[in-house]
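Report on one structure; see the data block that follows.
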Ligand SMILES: C[S@@+](CC[C@H](N)C(=O)[O-])C[C@H]1O[C@@H](n2cnc3c(N)ncnc32)[C@H](O)[C@@H]1O
């Protein structure tokens, strides 16, 4: 059984965060794992820590056989998804695993839950899935806050006259020239306009899509949110190959296409994942306090998504100080931001080396259309002067 650690519940967060960000919010990790793979270049000696979200990217790392994988999330419902995926890897064959988590025939989870999956879950995850298994049985990607947002988005696209078969056809295009032609002649004239601006600027909808209130303040405070979303969507649809873009395919059409799925769902990775299950630790808790319990200089790779967009500047700095203490010499840290720029604070910048050329090269191929910037940093020194 996978190790699961429940950290003491820290200070409660503000009411809006508690209202929006409880239960399943992210039914899929919206960070492009190909960027992470090339930024990290994992080795079998590496200890990796990753924010869980829906567990897709922690499992994508596990496909690369690190020595140890720590997956941490402040929202236990997110880790309940991680635990269900890990239990399915341990107990099921690939076809059934794929049926459930690629939502090809998800209802099979009802047949295997009690006898094969539930015994492998922590008490907390059992309590969650005993009440919420219907979400997995009806296809996880339709549920959770993000699932509801994507269903509303697909309904909105239809109301704007965008036909589902046209959207399906887009994900079969094999050249950027065809994508740009389709975008400028078919999608853009129908999509962008006063209704799209009302849709994007309606805060509750963006909260539903996983944009944290602090993040909304950060992005809208610096860039008009509508123009930001328009720029990001246009970039992803005209400058990044669509054929294997499973992020936008899931959001705009509600399904993956054949084997165009996250790496952890591929049959070729199944036995490796199963072999590596003993290397995983699931942590219910916030990153900073957890890192402060870890031995100094013990972690090699940090995948922190856009958690810093959820933080005030003092929390941003404090969390990075915890990262520096727990980081092994030469450790790599990657993070994203909804804004076009979220540099590490000066007190941290002195201890890290930035790899902006690499970060920009990887970011240019980001399929998720979610972020405004991406950072690849290596730790070159520690505040306490130890190299
Ligand atoms: C940062 S969020 C956003 C993910 C991304 N924007 C997306 O669309 O998929 C991803 C996860 O981070 C978790 N999270 C945020 N701040 C955290 C922290 N300081 N420590 C641990 N988990 C955190 C949230 O609970 C959430 O499940």
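Numbering (this note's numbering), first residue to last: -17 to 369.
Backbone N, C-alpha and C fix where the C-beta goes; we use that ideal spot for every residue, glycine too.
Small disclaimer: the values here were computed from a predicted structure and weren't measured.
For residue i, the nearest candidate out of the options (CA to CA)
| i | options | result |
| --- | --- | --- |
| residue 189 | 245, 104, 2 | 2 |
| residue 26 | 14, 51, 256 | 51 |
| residue -16 | 21, 103, 96 | 103 |
| residue 318 | 5, -4, -13, 13 | 13 |
| residue 40 | 71, 262, -11 | 262 |
| residue 61 | 15, -11, 96, 177 | -11 |
| residue 250 | 197, 80, 344, 48 | 80 |
| residue 193 | 330, 7, -4, -13 | 7 |
| residue 401 | 198, 100, 55, 327 | Limits of the chain in this structure are -17 at one end and 369 at the other, which puts residue 401 out of reach. |
| residue 203 | 347, 321, 364, 225 | 321 |
| residue 44 | 248, 295, 311, 297 | 248 |
| residue 122 | 195, 42, 9 | 9 |
| residue 108 | 69, 237, 126, -4 | 69 |
| residue 37 | 315, 199, 64, 57 | 64 |
| residue -4 | 264, 328, 196 | 196 |
Simplified DSSP state of residue i, which is helix, strand or coil
| i | result |
| --- | --- |
| residue 311 | strand |
| residue 329 | helix |
| residue 231 | helix |
| residue 212 | helix |
| residue 239 | strand |
| residue -13 | strand |
| residue 163 | helix |
| residue 304 | helix |
| residue 220 | helix |
| residue 6 | coil |
| residue 49 | coil |
| residue 251 | helix |
| residue 18 | helix |
| residue 317 | strand |
| residue 27 | coil |
| residue 284 | strand |
| residue 55 | strand |
| residue 369 | A caution first: residue 369 carries a pLDDT of 48, below 50, which makes its placement in the model too unreliable to give a value. |
Residue i: first and last residue of the uninterrupted alpha helix (DSSP H) it sits in
| i | result |
| --- | --- |
| residue 39 | 38 to 44 |
| residue 135 | 126 to 141 |
| residue 201 | 195 to 204 |
| residue 63 | 58 to 73 |
| residue 78 | 76 to 83 |
| residue 91 | 91 to 94 |
| residue 272 | 269 to 273 |
| residue 87 | Per DSSP, residue 87 belongs to no alpha helix (DSSP H) and is neither H nor E. |
| residue 153 | That residue, residue 153, is in no alpha helix (DSSP H); it is neither H nor E in DSSP. |
| residue 173 | 170 to 173 |
Terminal residues of the beta strand (DSSP E) in which residue i lies
| i | result |
| --- | --- |
| residue 336 | 334 to 336 |
| residue 105 | Per DSSP, residue 105 belongs to no beta strand (DSSP E); it is in the alpha helix (DSSP H), 105 to 119. |
| residue 182 | Premise fails: residue 182 lies in the alpha helix (DSSP H), 176 to 183, not in any beta strand (DSSP E). |
| residue 357 | 355 to 361 |
| residue 264 | 262 to 266 |
| residue 349 | Segment: none, residue 349 is in no beta strand (DSSP E) and carries neither H nor E. |
Residue i beta carbon near ligand 1 (any heavy atom closer than 7 Å)
| i | result |
| --- | --- |
| residue 287 | yes |
| residue 14 | no |
| residue 7 | yes |
| residue 269 | yes |
| residue 57 | yes |
| residue 294 | no |
| residue 53 | no |
| residue 134 | no |
| residue 354 | no |
| residue 37 | no |
| residue 60 | yes |
| residue 316 | no |
| residue 33 | yes |
| residue 126 | no |
| residue 192 | yes |
| residue 321 | no |
| residue 231 | no |
| residue 3 | yes |
| residue 47 | no |
| residue 104 | no |
Any non-hydrogen atom of ligand 3 within 7 Å of residue i CB
| i | result |
| --- | --- |
| residue 363 | Judged by which ligands are present, ligand 3 is missing from the structure shown, whose ligands are ligand 1. |
Any 3 or more C-beta pairs closer than 8 Å across the segment 153 to 162 and the segment 126 to 133
The segment 153 to 162 is not in contact with the segment 126 to 133.
At a cut of 8 Å, does the segment 299 to 309 reach the segment 335 to 344 through at least three beta carbon pairs?
Touching, no.
Check whether the segment 159 to 166 and the segment 212 to 225 are in contact - that is, three or more C-beta pairs closer than 8 Å.
Touching, yes.
Can at least three beta-carbon pairs, one atom from the segment 273 to 287 and one from the segment 305 to 312, be found at a separation below 8 Å?
Touching, yes, given that three or more Cβ pairs across the two stretches are closer than 8 Å.
Would you check if the segment 201 to 213 and the segment 137 to 153 touch, i.e. whether three or more CB-CB distances between them fall below 8 Å?
Between the segment 137 to 153 and the segment 201 to 213 there are fewer than three C-beta pairs closer than 8 Å, too few to call the two in contact.
Is there contact here, the segment 239 to 254 with the segment 78 to 92, by at least three beta-carbon pairs under 8 Å?
They touch, by the three-pair rule.
Any chance the segment 252 to 266 sits against the segment 6 to 20, with 3 or more Cβ pairs inside 8 Å?
Contact fails: fewer than three Cβ-Cβ distances are below 8 Å.
Does the contact criterion of 3 or more C-beta pairs under 8 Å hold for the segment 353 to 366 versus the segment 29 to 36?
The segment 353 to 366 vs the segment 29 to 36: no contact.
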